[in-house]
Amino acid sequence: MSSILTISKRYKQILFLGLVSFLLFSCSGKLEEGIINTTSSEFSAPVTKDFDQIREDGVLRMITRYSSRSYFLDHGIQAGFEYELIQAFAKLHGLSVEVVIPVPGQSPIQLLNDGKGDIIADNLMINEESSEWVHFSQSYDKVNQVAVVSSDLGYTPYQVNELEGIPITISKNSIHYSVLNRLMDAGWKLEINVIEEERSTESLLMDLARGEVLATVADDQILQASKKYLRGLVEGPVLARNDEIAWAVRSNAPILENQVNTFLSQHMWVDEDGTPKRSEFLNVLRKKYFEGSRQVANYFSPIGDQQTIVALSPYDSLMQQVAVEFGLDWVMLTAIAAQESKFDPTVVSWAGAVGIMQVIPKYSELTADSLLIPEINIREGARILAKHMQHYSYMDSLESWSFALATYNAGAGHLADARRITMDHNKDPNKWVNVSQSLLKKMEPKYYEFTRYGYARGIETVQYVQNILNRYNTYKAIIALREESRSETKDILGFSNLKETG
39 MSSILTISKR YKQILFLGLV SFLLFSCSGK LEEGIINTTS SEFSAPVTKD
89 FDQIREDGVL RMITRYSSRS YFLDHGIQAG FEYELIQAFA KLHGLSVEVV
139 IPVPGQSPIQ LLNDGKGDII ADNLMINEES SEWVHFSQSY DKVNQVAVVS
189 SDLGYTPYQV NELEGIPITI SKNSIHYSVL NRLMDAGWKL EINVIEEERS
239 TESLLMDLAR GEVLATVADD QILQASKKYL RGLVEGPVLA RNDEIAWAVR
289 SNAPILENQV NTFLSQHMWV DEDGTPKRSE FLNVLRKKYF EGSRQVANYF
339 SPIGDQQTIV ALSPYDSLMQ QVAVEFGLDW VMLTAIAAQE SKFDPTVVSW
389 AGAVGIMQVI PKYSELTADS LLIPEINIRE GARILAKHMQ HYSYMDSLES
439 WSFALATYNA GAGHLADARR ITMDHNKDPN KWVNVSQSLL KKMEPKYYEF
489 TRYGYARGIE TVQYVQNILN RYNTYKAIIA LREESRSETK DILGFSNLKE
539 TG
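Here the numbering used here is used: the first residue of the sequence shown is 39, the next is one more, and so on.
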């Protein structure tokens, strides 16, 4: 137990530094809270891809940033307000979710129009600038834009006129810049320090916490999320009230837009007297991420060094070591472990599968007790996966992983049955897209009654493979961002009230 505790504490340290690195690095991204950068006038026309094709594919692709509000890894498990809301919509329609994180230089609008993502979900404020390129959904939240000042200022400005003489640092492409300009046009004397390059709100709050700027602007939810792990942030006066938050979809996807609006209308609506109302689910999410919960901060701890690493899980180094031993991809191993056990080394399934990689003792030479030890379990799971990968080694990488994952989940016998069904239908049994359909047929008596291994819960295996591949793609995107990030943590962290949870 002590070794698990040590891993947990160290993981908190690594995870915090990783999030800091992402927030700093996001300054060069193209997707900000509140507005999509639409400086390009050469976006290609949107592909023809509406909800019917998304359902056929079985995957809903969410375009977002890695941030404390929208999407982040919590002990290797995907989390975030926007992510959980998207997950609820996807689950309603039997879809898995793939997270698409734009790399520096990528436009979320272009990703959307190219069909590489289906919904942009990142605390977007409905605005005319972006409406030329995308369709906004119904609003599902309202935020206030507030001035945020440094505690070094020595006092709290409560009114807009009290901001006079305080330089407010803001990115030129931010929607907050437009708000400040409107206030100045209305006669308020404000001093705006405009940054030409794109900077995320969280990145500017980091500058504020370091004492590099005196004031900026944030929406109140971003501020509340950031105050969980930054100190020195003081909320000032409200600059704009009740800005509407929504998702963005392709302009030529009316069915998806309608489905999204139907879903969101069940979670936020306006009473006859004009009072906005939220569903219990949406209120739980808001409380979890913004209104007093320490969902983000509980997993961070201060350390003295300044690394630029973000951990995918508490077992990254072990995954890397074992992957080298068996010639596997450590990121894929991590994605499998997240799907199998959420990295819980003590979990035992109804079928008797044990530990992080959910190894079944009767198919292993190891005892159930020994499989509770993370290193032993991960190594045994990797050994089994390597054997499956070798069996399908004549296929290309994606196909071999798809078949190996399906075999790991359903067993070699059911995969052999599905491939025979595929051949009976004159299709290529070496293509996962064909065999996955045959696995679904193994749920029907007219097919499984004539197979060697009988009935199989094919839908579970197909979703299992898709979920792991989706998670793998997301992990790879996070790692790509990590490799270009730089850490500037300095002494900005507020940990006086934190408690160890490991």
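C-beta atoms are modelled at their ideal positions from N, C-alpha and C, and glycine is treated no differently.
Predicted model only: the values in this text are computed from it and were never measured.
For the candidate residues the options, whose alpha-carbon lies nearest to that of residue i?
i: residue 229; options: 257, 200 and 250; result: 200
i: residue 227; options: 203, 235 and 443; result: 203
i: residue 82; options: 418, 224, 122 and 170; result: 170
i: residue 216; options: 275, 183, 406 and 250; result: 183
i: residue 263; options: 377, 324, 220 and 461; result: 324
i: residue 436; options: 279, 366 and 405; result: 366
i: residue 210; options: 255, 453, 127 and 280; result: 255
i: residue 151; options: 286, 350, 519 and 445; result: 286
i: residue 394; options: 417, 388 and 404; result: 417
i: residue 153; options: 125, 222 and 289; result: 289
i: residue 236; options: 143, 485 and 174; result: 143
i: residue 415; options: 428, 167, 430 and 386; result: 386
i: residue 156; options: 100, 141 and 369; result: 100
i: residue 327; options: 97, 112, 95 and 98; result: 112
i: residue 242; options: 225, 261 and 224; result: 261
i: residue 251; options: 208, 224, 283 and 178; result: 208
i: residue 351; options: 406, 310, 98 and 369; result: 369
i: residue 175; options: 91, 300, 132 and 460; result: 300
i: residue 515; options: 314, 141, 359 and 124; result: 141
i: residue 172; options: 145, 178, 189 and 198; result: 145
i: residue 377; options: 444, 411 and 421; result: 444
i: residue 501; options: 304, 116 and 134; result: 134
i: residue 468; options: 499, 433 and 450; result: 433
i: residue 231; options: 213, 278, 206 and 247; result: 206
i: residue 409; options: 390, 361, 495 and 424; result: 390
i: residue 383; options: 396, 114 and 372; result: 396
i: residue 459; options: 481, 442, 438 and 446; result: 481
i: residue 126; options: 267, 322 and 463; result: 322
i: residue 166; options: 213, 440 and 224; result: 213
i: residue 18; options: 320, 136 and 119; result: Given that the chain is displayed from residue 39 to residue 540, the structure contains no residue 18 and the question cannot be resolved.
i: residue 177; options: 123, 508 and 399; result: 123
i: residue 364; options: 307, 405, 420 and 373; result: 420
i: residue 130; options: 93, 161, 149 and 159; result: 93
i: residue 425; options: 413, 412, 442 and 411; result: 442
Please name the residue or residues paired with residue i in a DSSP beta bridge.
i: residue 110; result: 117
i: residue 99; result: 136
i: residue 207; result: 231
i: residue 254; result: 186
i: residue 105; result: 109
i: residue 163; result: 283
i: residue 173; result: 287
i: residue 180; result: 282
i: residue 157; result: 100 and 287
i: residue 386; result: 392
Since residue i and residue j should fall inside the 8 Å C-beta cutoff, what is the C-beta to C-beta distance between them, to a whole number of angstroms?
i: residue 506; j: residue 478; result: About 18 Å; that fails the 8 Å criterion.
i: residue 163; j: residue 281; result: 5 Å
i: residue 147; j: residue 103; result: At roughly 14 Å, the Cβ-Cβ gap does not stay under 8 Å, so residue 147 and residue 103 are not in contact.
i: residue 198; j: residue 218; result: Going by Cβ atoms, the distance from residue 198 to residue 218 rounds to 10 Å, so no, they are not a contact pair.
From what residue to what residue does the beta strand (DSSP E) around residue i run?
i: residue 220; result: Premise fails: residue 220 lies in the alpha helix (DSSP H), 213-223, not in any beta strand (DSSP E).
i: residue 314; result: 314-316
i: residue 274; result: 271-287
i: residue 306; result: 306-308
Between which two residues does the alpha helix (DSSP H) harbouring residue i extend?
i: residue 242; result: 239-248
i: residue 301; result: 292-303
i: residue 357; result: 354-364
i: residue 367; result: No alpha helix (DSSP H) contains residue 367, which DSSP labels as neither H nor E.
i: residue 470; result: 470-479
i: residue 450; result: 450-462
i: residue 398; result: Note, residue 398: premise wrong, no alpha helix (DSSP H); not H, not E.
i: residue 421; result: 412-429
i: residue 484; result: 483-486
i: residue 195; result: Careful: residue 195 lies outside any alpha helix (DSSP H) and carries neither H nor E.
i: residue 150; result: 146-151
Say yes only if the C-beta of residue i is nearer than 7 Å to one or more non-hydrogen atoms of the ligand GTP, and no if none qualify.
i: residue 162; result: Inclusion of the ligand GTP in the displayed structure is not the case, the ligand content being empty and no account of it being possible.
Contact the region 107-115 vs the region 471-480: 3+ CB pairs below 8 Å: no
Checklist line | Stretch pair the region 269-282 + the region 179-199: three plus CB contacts closer than 8 Å | finding: yes
| query | Are there three or more Cβ pairs, one per stretch, closer than 8 Å when the region 289-307 is compared with the region 82-91? | reply | Yes: the two stretches touch, three or more of their Cβ pairs being nearer than 8 Å.
- request: Count the CB pairs spanning the region 487-501 and the region 450-466 that are closer than 8 Å, and state whether there are at least three.
  value: yes
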